[in-house]
Ligand code: ARG
């Protein structure tokens, strides 16, 4: 019984089977199209494993040298290969081992001693993950720096700050921009933690129960640039927490970028007109000649959907796995690859958009309504000993009086204000300067020039502390 093998003809586990894998199962089984991109990591891990086996006395020096040379030649072949489509194999680990054996003969079959694809795949994935996290961290830091640089450029512009998307209190434009940089700093801190978590070597865990040969795992870790080894081989082959946390970080960044994108969409409408994105980041309409569409921001907002979706994807794969290794884990990579690839496109685009953007001072300042200073009126009375609950009422009544008489709050006379409360003095009229309002909030984290200056310094320090550069 058993039909002849219909597809690859090469697997790493044929011994106990008589029949071949069905075409349908082969299609389900194959992960090469996804894990092809791990070939460098697989070769690197395999070369280190050969050195480990040599140190353990399982490979002679000559065999280890032969395998090492063979793996370098395999790397050359894979470098030149057009892609996974040309290979019938199940996964990248199978490709590397088959090519190795075809290149150097049966001694290639010694490489897999004491190793399983379970610890092998987990190791290659982590090697890839560490590089990916560093790449993302650099892109994220560049975006944060671009936002901070733009914030510096806007020094002096005061804009309406919003709550409920209603004008609330004036803020420096730099303060708004920095409010979009801090969440990204937290994302960078998260990435740094993910890097630490990813920095653990699973190799030497075997299929689940460890390696029977005296392979020095610490030396292996040092060889591959890992700072620790996993302490439990069963956990080692099943642990994808770092991957889930990376995907979570990417989703969180996606949400933060989407929020920044929403500001840019809104502020670049003709109704607001606060922001003008550079031509290089704006598209026109095939129908309406006047259009300048903020596609960079809309696409960023849209991409956050897949970043959030990937988090559900990976957590759902992990949920409910029994101890040890389970084949479900093969589904770990796509979510990670997709999230990293997505951010690798979105982050530079947003960096470019931020750099290109102009803040239109005239439109921003024209939008400042004096009513936004009603809180300052109340605060003025508080400084003169009036309880805030009372001063809030008085300021509210003045806003209503101005509204009913069809005037702006700043057009009320001193007499009208003193009718509200005798403590209003002529100096109260300085309160109608949005700049004075911004300056008056000098607490740490506030809007005064000094507070914002301190914020720039704190941001710079936080970015340096969270750096993921080696
Ligand atoms: N290709 C697999 C992966 O990407 C590794 C294969 C382990 N297979 C197995 N039958 N134990 O995770």
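Numbering (my numbering), first residue to last: 38 to 507. All C-beta atoms, glycine included, are put in the ideal place defined by N, C-alpha and C.
For a test of your reading of the model: does the CB of residue i fall under 7 angstroms from any non-hydrogen atom of the ligand ARG? Yes or no.
i, result
"residue 396", "no"
"residue 68", "yes"
"residue 272", "no"
"residue 367", "yes"
"residue 246", "no"
"residue 269", "no"
"residue 330", "no"
"residue 347", "no"
"residue 72", "yes"
"residue 154", "yes"
"residue 362", "yes"
"residue 158", "yes"
"residue 128", "yes"
Would you report the Cα separation of residue i and residue j, rounded to the nearest angstrom?
i, j, result
"residue 414", "residue 211", "24 angstroms"
"residue 471", "residue 283", "42 angstroms"
"residue 251", "residue 109", "25 angstroms"
"residue 327", "residue 181", "32 angstroms"
"residue 285", "residue 234", "14 angstroms"
"residue 396", "residue 507", "36 angstroms"
"residue 438", "residue 417", "19 angstroms"
"residue 333", "residue 385", "11 angstroms"
"residue 501", "residue 52", "54 angstroms"
"residue 495", "residue 291", "24 angstroms"
"residue 165", "residue 75", "7 angstroms"
"residue 43", "residue 73", "The predicted model places residue 43 with a pLDDT of 46, which falls under 50 and marks its position as unreliable; any figure quoted below should be read in that light. Approximately 22 angstroms, taken between the alpha carbons."
"residue 100", "residue 144", "7 angstroms"
"residue 323", "residue 316", "16 angstroms"
"residue 491", "residue 469", "26 angstroms"
"residue 378", "residue 114", "25 angstroms"
"residue 217", "residue 477", "23 angstroms"
"residue 70", "residue 487", "55 angstroms"
"residue 40", "residue 505", "Here residue 40 scores only 36 on pLDDT, less than 50, and its place in the model should not be relied on; the value that follows carries that caveat. Cα to Cα, the separation comes out at about 52 angstroms."
"residue 38", "residue 124", "In this predicted model, residue 38 has a pLDDT of only 33, less than 50, meaning its place in the structure is not dependable; the value taken from the coordinates is given anyway. If you take the alpha carbons of residue 38 and residue 124, they lie about 28 angstroms apart."
"residue 54", "residue 62", "14 angstroms"
"residue 45", "residue 330", "The pLDDT assigned to residue 45 is 48, lower than 50, so where the model puts this residue is not dependable; a value taken from the coordinates is nonetheless given after this. Approximately 50 angstroms between the Cα atoms of the pair."
"residue 95", "residue 392", "57 angstroms"
"residue 50", "residue 90", "21 angstroms"
Select from the options the residue whose C-alpha is nearest the C-alpha of residue i.
i, options, result
"residue 431", "457, 316, 170", "457"
"residue 348", "121, 259, 358, 373", "373"
"residue 411", "137, 205, 74", "205"
"residue 368", "68, 60, 49", "68"
"residue 261", "49, 65, 77", "77"
"residue 400", "255, 380, 305, 49", "305"
"residue 276", "288, 253, 155, 380", "155"
"residue 85", "120, 161, 321", "161"
"residue 398", "321, 249, 191, 302", "191"
"residue 227", "242, 287, 340, 92", "287"
"residue 48", "359, 459, 126", "126"
"residue 116", "102, 103, 132", "132"
"residue 365", "274, 382, 444", "274"
"residue 482", "219, 428, 419", "219"
"residue 459", "467, 303, 419", "419"
Taking Cβ to Cβ, would you say residue i is nearer than 8 angstroms to residue j?
i, j, result
"residue 312", "residue 267", "no"
"residue 198", "residue 207", "yes"
"residue 214", "residue 188", "yes"
"residue 355", "residue 281", "yes"
"residue 293", "residue 202", "no"
"residue 376", "residue 352", "no"
"residue 298", "residue 153", "no"
"residue 336", "residue 394", "no"
"residue 318", "residue 404", "no"
"residue 151", "residue 138", "no"
"residue 232", "residue 177", "no"
"residue 271", "residue 361", "yes"
"residue 451", "residue 463", "yes"
"residue 87", "residue 105", "yes"
For the alpha helix (DSSP H) that residue i lies in, which residues bound it at each end?
i, result
"residue 119", "Segment: none, residue 119 is in no alpha helix (DSSP H) and carries neither H nor E."
"residue 454", "451 to 457"
"residue 368", "Run containing residue 368: none; DSSP gives neither H nor E here."
"residue 295", "278 to 304"
"residue 329", "Unbroken run through residue 329: none, as it is neither H nor E."
"residue 471", "471 to 477"
"residue 585", "Given that the chain is displayed from residue 38 to residue 507, the structure contains no residue 585 and the question cannot be resolved."
"residue 493", "486 to 502"
"residue 410", "No alpha helix (DSSP H) contains residue 410, which DSSP labels as neither H nor E."
"residue 130", "129 to 141"
Hey, quick one: how far does the beta strand (DSSP E) through residue i stretch, first residue to last?
i, result
"residue 196", "195 to 200"
"residue 432", "Per DSSP, residue 432 belongs to no beta strand (DSSP E); it is in the alpha helix (DSSP H), 425 to 441."
"residue 511", "Nothing about residue 511 can be reported from this structure: the residues present for the chain run from 38 to 507 only."
"residue 208", "203 to 209"
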